[in-house]
Amino acid sequence: MDRNTDMFSNLPSSLLIIIASFLSFKEAARTCILSKQWLNIWREVENVDFDENNFVKLDESEENQKVQREVFINFARQFIANHSQQVIKTLGFRCSKPGNFLVDMQNIVMFATSHNATGLRLDFSDPTWREDAIMNHEAVSELPSHVYEHGQALESLKLFSCRFDASKFTNFSAIKSLSLGWININIGSILVILESCPLLETLHLKKCWNLEYFEVSKPGLRLQNLVLDKCDIRHEWLAIEGPRFQFFKYSGKVGQFLLENQRDMVEAELDFGMQTEFEEVGAFLYDLLQELFAARILTVCSVFLQIIPSGDEPLGLQAPLDVRKLILKTALHSNEYCGIKFMLRSSPRLETLTIDIGPARIFPDYEPPYPFDPEELWSRNFQVEFCVIETLRVVNVKGFKGTRNELYVLRYLLHFGRAMEELNLYASNEGGDNGENREFYMGRAQIVLGFYKASRNVSISVL
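Structure (structure tokens):
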């Protein structure tokens, strides 16, 4: 066979369409330059995504952005006019100024419903909006009425900055995944949605507001995955009494949590970065952690590590966790030390520890639950956690810079980690205040190579 022959040249168009469908819509469109055979293949893919971010440049003037947005809409018009497939699986439409193109928006959405799309994503949020800002933004547009009328085929619906009428969700009985973001919504509407969507398995709320509290207590729900991402929950109270989750993520302020009978939990992620002041609310987090006992994978943030020991039990949970993979999003600041020890002591079956080092909210008014010396805390003078000695096999450090605090912790883990098999140091790409760079951090990793190792089988990789 000629080595210069295109390996795809003899494949039928139907197979090329399948291959292109595994690419993102943007990458699929780029295949048109490969050869004449690929010229129109991308137009037949079943997953369509019209995203203005591929056309509109935020660093240019508003006048230029307006022209770019018109080019984007014209591209969508032409695609719809030339599309010959009878069915599409999913359609996404992102446009931060849809008010200027209401007819086109209606046509794009009608294109999805008329082709029996099972997935629909409408995102009218502005890319300049900040997720961590206190300000709430009113929804830019409204869900077209024919979506309610022809939504029986939808299994996935994502609406961002898009108003809707929850009482009309009765036609969405096939939906399994629902994502709502940047909207005003109350708990009553959420309960109506849960009643109208009996097959719902995943509920994702992002930057929603006007929620007095969050409660799901309806028996028989199939809800398995819940994400509450930076929502404004006025009374910071969350109660789950019906569904048994497999995945739970909460990002917001510390509040009161009630999650009953969560024996099926596989993974949980807790992010309290919106907490602005250090408060002794460790009891709330202690109770929440106990309710997540079954999770095999657990991610916690710096704020969690600073607050969790401030309750009545500063050393660890009385009833241990079943976690096997623990991810700590941390600055490895001394304020977090007691929380890190707390989590290690509470995880006697831990196998993989990931220390993800990055910027964190460090409370200046932090008060430790007990007096300690930062260096002595990571020594033999304090009781070594069971998991460190017996079960911990893999340690990953992301954003490694070789700071003194990082070296304290790594020396401790290597010195007592008899079961350790891997230590992976991923050097940071971030520049330091004194000119430090990735090469400098790689050099600091050589210090770790010289530490005493309790395990003869441990291998250290610097990446």
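Heads up: the sequence shown is residues -28 to -1, 1 to 435, going by mature numbering (1 follows the signal peptide of the UniProt record, and there is no 0). Backbone N, C-alpha and C fix where the C-beta goes; we use that ideal spot for every residue, glycine too. A quick note: this is a predicted structure, and the numbers were derived from the prediction, not measured.
Exposure label - residue i; buried when at least 16 CB within 10 Å
i, result
"Val43", "exposed"
"Ala53", "exposed"
"Gly123", "buried"
"Arg376", "exposed"
"Ser68", "buried"
"Gly64", "buried"
"Arg235", "exposed"
"Gly407", "exposed"
"Glu167", "exposed"
"Ile419", "exposed"
"Asp337", "exposed"
"Val75", "exposed"
"Thr248", "exposed"
"Ile5", "For Ile5, the predicted model reports a pLDDT of 49, less than 50, meaning its position is unreliable and no value from the coordinates is stated."
"residue 512", "With the chain running from -28 to 435 in the structure shown, residue 512 is simply not present."
"Arg41", "buried"
"Tyr258", "buried"
"Lys130", "buried"
"Leu11", "Note that Leu11 scores a pLDDT of 47, beneath 50, so its modelled location is shaky; the value from the coordinates is reported in the next line. Leu11 should be labelled exposed."
"Phe83", "buried"
"Phe354", "exposed"
"Ile329", "buried"
"Lys313", "buried"
"Ser318", "buried"
"Val295", "buried"
"Ala267", "buried"
Residue from the options whose Cα sits closest to the Cα of residue i
i, options, result
"Phe217", "Leu264, Thr363, Ala146", "Leu264"
"Gly192", "Glu213, Asp201, Asn401, Leu198", "Glu213"
"Gln278", "Thr302, Thr271, Leu270, Arg268", "Thr302"
"Leu92", "Phe132, Ser56, Gln57", "Phe132"
"Ala255", "Leu242, Val275, Ser282", "Ser282"
"Asp345", "Lys370, Ser161, Phe358, Ser306", "Ser306"
"Tyr120", "Asn72, Pro286, Pro99, Cys169", "Cys169"
"Glu252", "Pro286, Leu210, Asn233", "Pro286"
"Ser161", "Leu175, Ser149, Ala138, Ile147", "Ala138"
"Gly224", "Leu210, Met246, Met237", "Met246"
"Gln196", "Ala105, Thr174, Glu103", "Thr174"
"Cys273", "Leu231, Val226, Leu289", "Val226"
"Phe96", "Gly71, Thr85, Ser431, Ala267", "Gly71"
"Val275", "Leu300, Ala417, Ala291", "Leu300"
"Glu232", "Phe250, Ile269, Glu187, Leu200", "Glu187"
"residue 524", "Ala146, Glu411, Leu94", "Outside the shown range of the chain, which is -28 to 435, sits residue 524, and nothing can be said about it."
Contacts around residue i, its chain only, beta-carbon distance under 8 Å, and the 5 residues preceding and following it disregarded
i, result
"Thr363", "Pro320, Arg321, Leu322, Glu323, Ala391"
"Glu184", "Asn158, Ile159, Ile205, Arg206, His207"
"Glu114", "Cys134, Arg135, Phe136"
"Lys202", "Glu103, Asp104, Lys178, Lys179, Ser223, Gly224, Met246"
"Tyr398", "Asn368, Val369, Lys370, Gly371, Phe372, Leu435"
"Ser351", "Tyr384"
Close beta carbons around residue i, own chain, < 6 Å, minus the five adjacent residues each side
i, result
"Tyr309", "Leu349"
"Ser433", "Asn396"
"Ile155", "Ala111, Cys180"
"Asn108", "Trp181"
"His87", "Val59, Ile60"
"Asp31", "none"
"Asp98", "Ser68"
"Asp243", "Ser223, Cys273"
"Glu378", "Leu304"
"Phe229", "Leu210, Leu260"
"Leu382", "Val420"
"Asp23", "Arg66"
Whole-angstrom C-beta distance between residue j and residue i, which should lie under 8 Å
i, j, result
"Phe141", "Leu126", "Actually they do not touch by this definition, with Cβ atoms about 10 Å apart."
"Leu289", "Leu325", "The pair is not a contact, with the Cβ atoms about 17 Å apart (cut-off 8 Å)."
"Arg365", "Glu394", "7 Å"
"Leu171", "Lys148", "5 Å"
"Tyr413", "Ser400", "6 Å"
"Thr62", "Thr90", "7 Å"
"Ile45", "Phe73", "5 Å"
For residue i, the residue or residues it bridges with in DSSP
i, result
"His176", "Ser151, Val199"
"Phe96", "Bridge partners of Phe96: none, in fact."
"residue 522", "No answer is possible for residue 522: the residues shown for the chain start at -28 and end at 435."
"Ala399", "Phe372"
"Asp328", "Lys301, Lys370"
"Arg135", "Glu114"
Cβ-based neighbour list, residue i, same chain, cut-off 7 Å, excluding 5 preceding and 5 following
i, result
"Val360", "Leu316, Leu385, Phe388, Gly389"
"Glu241", "Lys221, Thr271"
"Val356", "Phe388"
"Lys190", "Leu166, Gly214"
"Pro341", "Pro281, Ser282, Pro286, Cys310"
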